[in-house]
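*Asks:*
Number of protein chains: 2
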Amino acid sequence: MENPWKTKSVLDIYDNPWIKLEEHQVVIPSGKDGIYGKVHFKNKALGIIPLDESGNTWLVGQYRYPLDEYSWEIPMGGGPENEDVLKSAQRELKEETGITAIKWTKIMRIHTSNSVTDEEGFVFLAEGLTMGQTEFEETEQLKVIKLPLKEAVEKVMSGEITDGISIAGLLKVARLMNV
Amino acid sequence: MENPWKTKSVLDIYDNPWIKLEEHQVVIPSGKDGIYGKVHFKNKALGIIPLDESGNTWLVGQYRYPLDEYSWEIPMGGGPENEDVLKSAQRELKEETGITAIKWTKIMRIHTSNSVTDEEGFVFLAEGLTMGQTEFEETEQLKVIKLPLKEAVEKVMSGEITDGISIAGLLKVARLMNV
Numbered sequence: 001m002e003n004p005w006k007t008k009s010v011l012d013i014y015d016n017p018w019i020k021l022e023e024h025q026v027v028i029p030s031g032k033d034g035i036y037g038k039v040h041f042k043n044k045a046l047g048i049i050p051l052d053e054s055g056n057t058w059l060v061g062q063y064r065y066p067l068d069e070y071s072w073e074i075p076m077g078g079g080p081e082n083e084d085v086l087k088s089a090q091r092e093l094k095e096e097t098g099i100t101a102i103k104w105t106k107i108m109r110i111h112t113s114n115s116v117t118d119e120e121g122f123v124f125l126a127e128g129l130t131m132g133q134t135e136f137e138e139t140e141q142l143k144v145i146k147l148p149l150k151e152a153v154e155k156v157m158s159g160e161i162t163d164g165i166s167i168a169g170l171l172k173v174a175r176l177m178n179v
Numbered sequence: 001m002e003n004p005w006k007t008k009s010v011l012d013i014y015d016n017p018w019i020k021l022e023e024h025q026v027v028i029p030s031g032k033d034g035i036y037g038k039v040h041f042k043n044k045a046l047g048i049i050p051l052d053e054s055g056n057t058w059l060v061g062q063y064r065y066p067l068d069e070y071s072w073e074i075p076m077g078g079g080p081e082n083e084d085v086l087k088s089a090q091r092e093l094k095e096e097t098g099i100t101a102i103k104w105t106k107i108m109r110i111h112t113s114n115s116v117t118d119e120e121g122f123v124f125l126a127e128g129l130t131m132g133q134t135e136f137e138e139t140e141q142l143k144v145i146k147l148p149l150k151e152a153v154e155k156v157m158s159g160e161i162t163d164g165i166s167i168a169g170l171l172k173v174a175r176l177m178n179v
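The listed protein sequences correspond, in order, to chains A and B. Note that full-length UniProt numbering has the first sequence beginning at 1, numbered continuously upward. Note that full-length UniProt numbering has the second sequence beginning at 1, numbered continuously upward.
1. At the 9 Å Cβ level, is Leu21/A part of the contact set with chain B, yes or no?
2. Mind reading off the beta-carbon distance from Ile107/B to Val123/B? Whole number of angstroms is fine, and I expect it under 8 Å.
3. So what's Thr112/A in DSSP terms, helix, strand or just coil?
4. Beta strand (DSSP E) containing Ser30/B: first to last residue?
5. What are the complete alpha helix (DSSP H) segments, minimum 4 residues, inside the segment 40 to 118 of chain A?
6. Taking one C-beta from the segment 71 to 79 of chain A and one from the segment 22 to 39 of chain A each time, how about it: are there three or more such pairs within less than 8 Å?
7. Which of helix, strand or coil does DSSP assign to Ser166/A?
8. Below 6 Å CB to CB, which residues in the same chain sit around Val60/B once its five sequence neighbours on both sides are set aside?
9. Would you identify the three-state DSSP class for Glu135/A, choosing helix, strand or coil?
10. Does the beta carbon of Ile104/A come closer than 9 Å to any beta carbon on chain B?
11. Can you give the Cα-Cα distance for Ile167/A and Asn43/B, rounded to whole angstroms?
12. Among the residues of its own chain, which have a CB less than 8 Å from the CB of Thr100/A, if the five just before and after it don't count?
13. For Val10/B, which of helix, strand or coil comes out of DSSP?
14. How is Glu2/B classed by DSSP in three states: helix, strand or coil?
15. Just the chain B side, please: which residues come within less than 7 Å of Ile99/A by C-beta, in chain order?
16. Against chain B, does Gln141/A count as a neighbour if the rule is that its beta carbon must be under 9 Å from one of theirs?
17. Would Tyr70/B be called buried (16 or more neighbouring beta carbons within 10 Å of its own) or exposed?
18. Going along the chain, which residues of the segment 57 to 73 of chain B sit with their C-beta nearer than 7 Å to a C-beta in chain A?
19. Assuming Leu142/A is part of the alpha helix (DSSP H), what are its boundary residues?
20. What is the DSSP secondary structure of Glu160/B, reduced to helix, strand or coil?
21. Using alpha carbons as the reference points, say which of Ile110/B, Gly98/B and Glu160/B lies closest to Glu135/B.
22. Taking only beta-carbon atoms, is Asn82/B less than 9 Å away from chain A?
23. Using CA coordinates, which residue listed in Tyr36/B, Lys87/B, Asp84/B and Val85/B is at the minimum distance from Arg64/A?
24. Taking 6 Å as the limit between beta carbons, can you name the residues of its chain near Lys155/A, skipping five residues before and five after?
25. Just tell me which of Asp68/A, Thr57/A and Val179/A has its CA closest to the CA of Leu147/A.
26. According to DSSP, simplified to helix, strand and coil, what is Val153/B?
27. Given Gly164/B, which residues of its chain have a CB within under 6 Å of its CB, disregarding the five upstream and five downstream residues?
28. Cβ of Lys150/A within 9 Å of Cβ of Glu127/A?
29. Mind checking Lys172/A: buried by the 16 CB within 10 Å criterion, or exposed?
30. Would you say Gly55/B lies against chain A (beta-carbon separation less than 9 Å)?
31. Is there a Cβ from chain B that is less than 9 Å from the Cβ of Pro29/A?
32. Leaving aside the five residues before and after Leu11/B along the sequence, list all residues of the same chain whose C-beta is less than 6 Å from its C-beta, in chain order.
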């Protein structure tokens, strides 16, 4: 499928350690000139659903600054572009929950907000778990709870969980595992 | 739950008809100074899952400029902040598929990418359908297909659909309706 958009030029607007904003001068599919503000994400979004032998998973609660809202989510974090996503996911799970896992299954590739950003995420199912110590980053003030996967899925269905990657990942695992 | 972040000042960086980028000077939860690049979305993201009496739904295919990738999604569009989200959803479904519907059910509130953006989306199930003419916007070059809801859900499970709102919405409808 050929790209119906043409890029005429790109203006760098903003850059920080996590994102880059560009304004693209474009020709839109109908042939007219236009602009496109594109937010490039420097990290992959990695969501992890740990699952123990009793059918429990873990959720992480934190205050999300851009939303000004508290959010319960699957363990999640950012993976640098030049790092293998599995390795990033393993590190994030360890940092946030202290858990290491033997069996890792990549269950999803997801584009979180494709009208404005190029953010790409991956969700992993992690099984064969060993508990350990958390290693929170200093920007984080996290609460971690353990609960049956079925209850986490109910928090999606009731609307209590609003994070996109968490909703998508939990519902996909539920369907894969008939929970 | 009290917000553990403190905002010291806000610098406006960029503004276009769809997004606004701000750099916030903050005190992070641990007490140190930091910055936060926040992307404000001027529109709500509205996803619609139309469902006819035979169990069919519709998907929309388009080239997504920020991804440089073709994407099959549920009918979707943006609703201005000052407009009722149901009205916006009804307009977007009509524009993209020509469909009007009698019964509308809001099935999801979703935050698409809450580490950087404040984008909020809503997914509606639309039933009691009447077919009509599409009214594509000029930036759009859309393909529309009709298919059983079950097949759309299979496209999620196989990884063919990667758009976050589409994945979340289709899996939730599938679970709600035992598809």
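Where is the CB? At the ideal position from N, CA and C, for every residue including glycine.
*Replies:* Inspection of the coordinates gives the following:
1. Yes, Leu21/A counts as interfacial toward chain B.
2. Contact holds; Cβ gap of about 5 Å.
3. In the structure shown, Thr112/A sits in coil (DSSP, three-state: anything other than H, G, I, E or B).
4. Run containing Ser30/B: none; DSSP gives neither H nor E here.
5. Segments of the alpha helix (DSSP H) lying fully in the segment 40 to 118 of chain A: 85 to 97.
6. They do not touch, by the three-pair rule.
7. In this structure, Ser166/A counts as helix in the three-state DSSP scheme.
8. Contacts found: Glu73, Pro75, Glu96, Leu142 and Val144.
9. The answer is coil: DSSP assigns Glu135/A none of H, G, I, E or B.
10. The question names Ile, but residue 104/A in the sequence shown is Trp. Closer than 9 Å: no.
11. Those two C-alpha atoms are separated by around 21 Å.
12. Correct list, in chain order: Gln90, Leu93, Lys94, Leu129, Thr130 and Gly132.
13. The three-state secondary structure of Val10/B, taken from DSSP, is strand.
14. Residue state, collapsed to three classes: coil.
15. Those within 7 Å of Ile99/A in chain B number zero; the least Cβ separation is about 21 Å.
16. It does; some Cβ of chain B falls within 9 Å.
17. In summary, Tyr70/B is exposed, with fewer than 16 beta-carbon neighbours lying within 10 Å of its beta-carbon over all protein chains present.
18. Look at the segment 57 to 73 of chain B: the residues with a C-beta under 7 Å from a C-beta of chain A are Tyr63, Arg64, Tyr65, Pro66, Leu67, Asp68, Tyr70 and Ser71.
19. Counting along the chain, Leu142/A sits inside no alpha helix (DSSP H), nor does DSSP assign it H or E at all.
20. If DSSP states are grouped into helix, strand and coil, Glu160/B belongs with coil.
21. When only C-alpha atoms are compared, the closest one is Gly98/B.
22. Taking a beta-carbon distance threshold of 9 Å, Asn82/B does not count as an interface residue toward chain A.
23. Looking at the Cα atoms, Tyr36/B is the closest of the given residues.
24. Contacts found: Ile161.
25. Relative to Leu147/A, the option among Asp68/A, Thr57/A and Val179/A whose CA is nearest is Thr57/A.
26. Three-state DSSP puts Val153/B in a helix.
27. Spatial neighbours of Gly164/B in its own chain (CB-CB distance under 6 Å, excluding positions within 5 residues in sequence) are listed in chain order as Thr112.
28. In this structure, Glu127/A does not lie closer than 9 Å to Lys150/A by Cβ.
29. In this structure Lys172/A is buried. Its beta-carbon is surrounded by 16 or more other beta-carbon atoms within 10 angstroms.
30. At least 9 Å separates the CB of Gly55/B from every CB of chain A.
31. With a threshold of 9 Å between beta carbons, Pro29/A makes contact with chain B.
32. Excluding sequence neighbours, Leu11/B sits near Glu23.
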